[in-house]
Amino acid sequence: MFPLHLELESFMLQYEASEVTGDQMPDQVNVTFSTETKSLTKLNLRRSRHFNLDIPLYTLDTDQEGIFHRHKVKTRPKKDLGFYQDITNKAVFRIQRSSEKSAYKKSKFNLKGEFLLNTSKCLFDSEKKTLKKPWRNMPPKPMSNSRWTASPRPLSTTTFDQYVYNLEILKTTTFHMFDLVRIAPPEEKTVRMNAINNRDMHMKSSGRKSNQSKLRSVPQSRRRRNTVQDYYVDVVAVIDYKRYSKFLAQANYNNFTAMQNILEYYALVFSGVSFS
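Per UniProt numbering, the very first residue in the sequence shown carries number 1; after that it's consecutive.
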């Protein structure tokens, strides 16, 4: 599977967060993506407790004798961070409270994640934004076929801002599995079957057994996989020094912050989000 990222610009963002107490994260965040003329999609994001940020993180190095040493990294979960889902739109988002405040002294949030728009998977990062032009202030028209679900209670915070954002559409090209049984075109199949039938008739007359069943059989590896009902896979991410150096630079060379960012990033990747 080969991903292809196509970037689309000039999308506007509006989100509403449910009421919170203190430094808690909201249980629900409703997000609207729109253009200047219409609303594109609306997401009902609800906080998920299934995302585990307590993923074990280790460093691996060698001493002068070439012996490997493993050390577990101590991390501290953030209270201003939550993972959210909208199952209907196949959306998974990482939402973190921003240090910025809105005009009404309400908290702002940074959003990063993916969702399904029509039949395309879209990637979104609220940090990828540009200032809105002065004439881009008209509210979007509501969608006629919107699947917007009414909130069980009024949401306390509605955030508009002066930015436009980028969406990335992720397109993938898939290839056949190696063990797929290919069906020959009709003309080739007819010739092949005639050849097999003639050979089988010749083998019958000579008393020999045909290998036709072996030629048509499903590969053994595929038969073995088909008999297994459940799979249990341990996922491991190995980060080399070059990749670690990027996280370190983004954290202003604070090792603790870099390790925390690595942990949060791969928690999102393990959930299926396709950020590169």
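Just so it is clear, CB atoms sit at the ideal spot from N, CA and C, and this is done for glycine as well.
Inset, instruction - Assess, as a yes-or-no matter, whether the stretch 73-92 is touched by the stretch 115-124 under the definition of 3 or more beta carbon pairs within less than 8 Å. - result: yes
Legend entry - Local Cβ density within 10 Å of Q260, reported as buried at 16 or more and exposed below that: Start at 1 with the first residue of the sequence shown, and residue 260 comes out as number 260. So Q260 ends up on the buried side.
Inset, instruction - Compare the Cα-Cα distances from I239 to each of E114, L116 and L57 and report the closest residue. - result: On the sequence shown, residue 239 is found 239 positions in, with the first residue counted as 1. Measuring from the Cα of I239, the nearest candidate turns out to be L57.
Inset, instruction - Count the other CB atoms, across all protein chains shown, that sit within 10 Å of the CB of G82; report buried if there are 16 or more and exposed otherwise. - result: Translated into the one-based positions of the sequence shown, residue 82 becomes position 82. The residue is buried, with at least 16 neighbouring Cβ atoms inside 10 Å.
Inset, instruction - Quick one: using the 10 Å Cβ neighbour count with 16 as the cut-off for buried, is D86 buried or exposed? - result: Looking up residue 86 in the sequence shown gives position 86. So D86 ends up on the buried side.
Inset, instruction - Take the Cβ of A249 as the centre, count every other Cβ of all protein chains shown within 10 Å, and call the residue buried at 16 or more, exposed below. - result: Residue numbering aside, residue 249 sits at position 249 when the sequence shown is read from its first letter. By the neighbour-count criterion, in which a residue is buried when 16 or more other Cβ atoms sit within 10 angstroms of its Cβ, A249 is exposed.
Inset, instruction - Note down, in chain order, each residue of its chain lying with its Cβ closer than 7 Å to the Cβ of Y163, except the 5 sequence neighbours on either side. - result: Locating residue 163 in the sequence shown gives position 163, where the first residue counts as 1. Take Y163, set aside five residues on each side of it, and the residues of its chain with a beta-carbon closer than 7 Å to its own are K129, T130, L131 and K132, in chain order.
Inset, instruction - Between the Cα of A267 and those of V20, R49 and Q28, spot the shortest distance and give me the residue it belongs to. - result: The residue labelled residue 267 in the question sits at position 267 within the sequence shown. Checking every option, the nearest Cα to that of A267 belongs to R49.
Legend entry - C-alpha gap between T62 and V31, whole angstroms: As a working mapping, residue 62 is identified with position 62 in the sequence shown. As a working mapping, residue 31 is identified with position 31 in the sequence shown. Cα-Cα distance, rounded: 47 Å.
Inset, instruction - Compute the distance between the beta-carbons of L116 and Y84, then report whether it is under 9 Å. - result: Looking up residue 116 in the sequence shown gives position 116. Looking up residue 84 in the sequence shown gives position 84. Cβ distance not < 9 Å, so L116 and Y84 don't count as in contact.
Inset, instruction - To the nearest angstrom, report how far apart T37 and L170 are at their CA atoms. - result: Here residue 37 refers to the residue found at position 37 of the sequence shown. Here residue 170 refers to the residue found at position 170 of the sequence shown. T37 and L170: Cα-Cα distance of roughly 24 Å.
Inset, instruction - Return helix, strand or coil for E264, following the three-state DSSP convention. - result: Translated into the one-based positions of the sequence shown, residue 264 becomes position 264. It is helical.
Inset, instruction - Spatial neighbours of S126 within its chain, please: CB distance less than 6 Å, with the 5 preceding and 5 following residues excluded, ordered by chain position. - result: The sequence position of residue 126 within the sequence shown is 126, counting from 1. The residues are N110 and L111.
Inset, instruction - Could you check the C-alpha separation between Q28 and K42 for me, to the nearest Å? - result: Along the sequence shown, one-based indexing puts residue 28 at 28. Along the sequence shown, one-based indexing puts residue 42 at 42. Their Cα atoms are separated by approximately 13 Å.
Legend entry - Close beta carbons around K141, own chain, < 8 Å, minus the five adjacent residues each side: Stepping through the sequence shown from its first residue, residue 141 is reached at position 141. Confidence at K141 is low in this model, with a pLDDT of 47, below 50, so its placement is unreliable and no value can be given for it.
Inset, instruction - Would you please state the rounded distance, in angstroms, between the beta carbons of L13 and Y165? I believe it to be under 8 Å. - result: If you number the sequence shown from 1, residue 13 lands on position 13. If you number the sequence shown from 1, residue 165 lands on position 165. The C-beta distance from L13 to Y165 rounds to 5 Å, short enough to meet the 8 Å contact threshold.
Inset, instruction - Using only alpha-carbon positions, find the residue among A17, R94 and F11 that is nearest to S34. - result: Translated into the one-based positions of the sequence shown, residue 34 becomes position 34. Closest by alpha carbon: F11.
Legend entry - Span of the alpha helix (DSSP H) around N250: Position 250 of the sequence shown, counting from 1, holds the residue named residue 250. The sequence shown places Gln at residue 250, not Asn. Y241 to Q250 is the span of the alpha helix (DSSP H), which, as asked, contains Q250.
Inset, instruction - Grab me the residues of D23's own chain with a C-beta within less than 6 Å of its C-beta, minus the 5 sequence neighbours each way, in chain order. - result: Sequence index remark: in the sequence shown, residue 23 carries index 23 (1-based). For D23, where only same-chain residues beyond five positions count, the Cβ hits under 6 Å are K79.
Legend entry - Bounding residues of the beta strand (DSSP E) (the contiguous stretch that carries residue 282): Since the first residue shown for the chain is 1 and the last is 276, residue 282 is missing from the structure and cannot be characterised.
Legend entry - Contact set for L60: own chain, Cβ-Cβ below 7 Å, skip 5 residues either direction: Counted from its first residue, the sequence shown places residue 60 at position 60. Same-chain partners within the cutoff: F68 and R70.
Legend entry - Selection from A17, F256 and Y265 that minimises the alpha carbon distance to residue 302: The chain is shown only over 1 to 276; residue 302 falls outside these bounds and no answer can be derived.
Legend entry - Alpha-carbon to alpha-carbon, G66 and F247: Sequence index remark: in the sequence shown, residue 247 carries index 247 (1-based). Sequence index remark: in the sequence shown, residue 66 carries index 66 (1-based). When rounded, the distance between both Cα atoms is 26 Å.
Legend entry - Residues near S151 in its chain [Cβ-Cβ closer than 6 Å; skip 5 each side]: For the purposes of this step, residue 151 is identified with residue 151 of the sequence shown, where counting begins at 1. Only weak support is given to the placement of S151: the predicted model assigns it a pLDDT of 44, under 50, and the question is left unresolved by the model.
Legend entry - Straight-line gap, S245 to I55 (C-alpha atoms, nearest Å): Within the sequence shown, numbered from 1, the residue matching residue 245 stands at position 245. Within the sequence shown, numbered from 1, the residue matching residue 55 stands at position 55. If you take the alpha carbons of S245 and I55, they lie about 20 Å apart.
Inset, instruction - Starting from the C-beta of V235, find all residues in its chain whose C-beta is less than 7 Å away, skip the five residues before and the five after it, and write them out in chain order. - result: Sequence index remark: in the sequence shown, residue 235 carries index 235 (1-based). Answer for V235: F270, listed in chain order.
Inset, instruction - Name, in chain order, the residues that DSSP records as bridge partners for L45. - result: Here residue 45 refers to the residue found at position 45 of the sequence shown. V29, per the DSSP bridge assignment.
Inset, instruction - State buried or exposed for E100, treating a residue as buried only when at least 16 other CB atoms are found within 10 Å of its CB. - result: As a first step, residue 100 is located in the sequence shown; it is residue number 100 there, counting from the start. It counts as exposed.
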